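> As numbered in the working numbering, the sequence shown has no gaps in its residue numbers, which increase by one up to the final residue, 179. Ideal Cβ positions, reconstructed from N, Cα and C, are used throughout, including at glycine. As the structure is a prediction and not an experimental result, all values here were calculated from the model.
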Amino acid sequence: IASVLLVAIYPFAKRFTWWPQVFLGLAFNWGALLAWAAHAGNLTSAPLLLYAAGIAWTLFYDTIYAHQDKEDDALIGVRSTARLFGNATPQWLLAFLVLSVVLMGAAVIAALLPGASPLRLVIGLAGAWGFGWHLAWQLRRLDIDDASVCLRLFRSNRDAGLIPALFLAVATLV
Numbered sequence: 006i007a008s009v010l011l012v013a014i015y016p017f018a019k020r021f022t023w024w025p026q027v028f029l030g031l032a033f034n035w036g037a038l039l040a041w042a043a044h045a046g047n048l049t050s051a052p053l054l055l056y057a058a059g060i061a062w063t064l065f066y067d068t069i070y071a072h073q074d075k076e077d078d079a080l081i082g083v084r085s086t087a088r089l090f091g092n093a094t095p096q097w098l099l100a101f102l103v104l105s106v107v108l109m110g111a112a113v114i115a116a117l118l119p120g121a122s123p124l125r126l127v128i129g130l131a132g133a134w135g136f137g138w139h140l141a142w143q144l145r146r147l148d149i150d151d152a153s154v155c156l157r158l159f160r161s162n163r164d165a166g167l168i169p170a171l172f173l174a175v176a177t178l179v
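Quick look at the structure:
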């Protein structure tokens, strides 16, 4: 029920806050909590950390996406982090990048440390590290005034999400 409320609020968030991407992050990443609870039957620090990492990542990629529409958004009076951050966007994105990688790494440690082999832990953390490098690659190529670059970088987040998923899949095999 809570996730449905978040999904319902998100489309209107641009009308009452400069941070609609937070609502998107809260809604999109709810699945981390649901999947963990369905699998483990409880909620521990690991899924909560992963949820927070996902929210930070959503702020990263959806701010990039929002730069495509910032002029139109200004004309119709809707808000976004792209408009709020303006030319300071790269600094904000760096903060979201660091936050998402640190939280993801903490989630990996919280999930794998109890009883996991050191190799499994290293592989899981390598996934968070690779994810961070992919976001850093996006940040280096970002041009907030080029909509086609913003769209290409936004779409590359599909690959960013695959990196830790693949590393965690490999970690379960060792």
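Under 8 Å: do the segment 131-151 and the segment 90-101 share three or more Cβ pairs, one atom per stretch?
yes
> Sort 15, 24, 23, 9 by Cα distance to residue 39 and report the nearest one.
9
> Across the segment 70-77 and the segment 35-52, are there enough close Cβ pairs to call them in contact, namely three or more that are closer than 8 Å?
Because the criterion of three Cβ pairs below 8 Å is not met, the segment 70-77 and the segment 35-52 do not touch.
> With 16 as the cutoff for other CB atoms within 10 Å, does residue 51 come out buried or exposed?
So residue 51 ends up on the buried side.
> Okay, do the segment 147-160 and the segment 112-121 touch, 3+ Cβ pairs below 8 Å being the bar?
no
> What's the gap between the Cα of residue 64 and the Cα of residue 26?
6 Å
> What did DSSP end up calling residue 107 once you bin it into helix, strand or coil?
helix
> Please report the distance separating the alpha-carbon of residue 56 from that of residue 37.
6 Å
> Using a 10 Å radius around the Cβ and a threshold of 16 neighbouring Cβ atoms, would you call residue 132 buried or exposed?
Sixteen is the threshold: when 16 or more other Cβ atoms of the shown chains lie within 10 Å of the Cβ of residue 132, as they do, the residue is buried.
> Looking at the secondary structure, which residues open and close the alpha helix (DSSP H) in which residue 52 lies?
Residue 52: member of the alpha helix (DSSP H) spanning 50-71, first to last residue.
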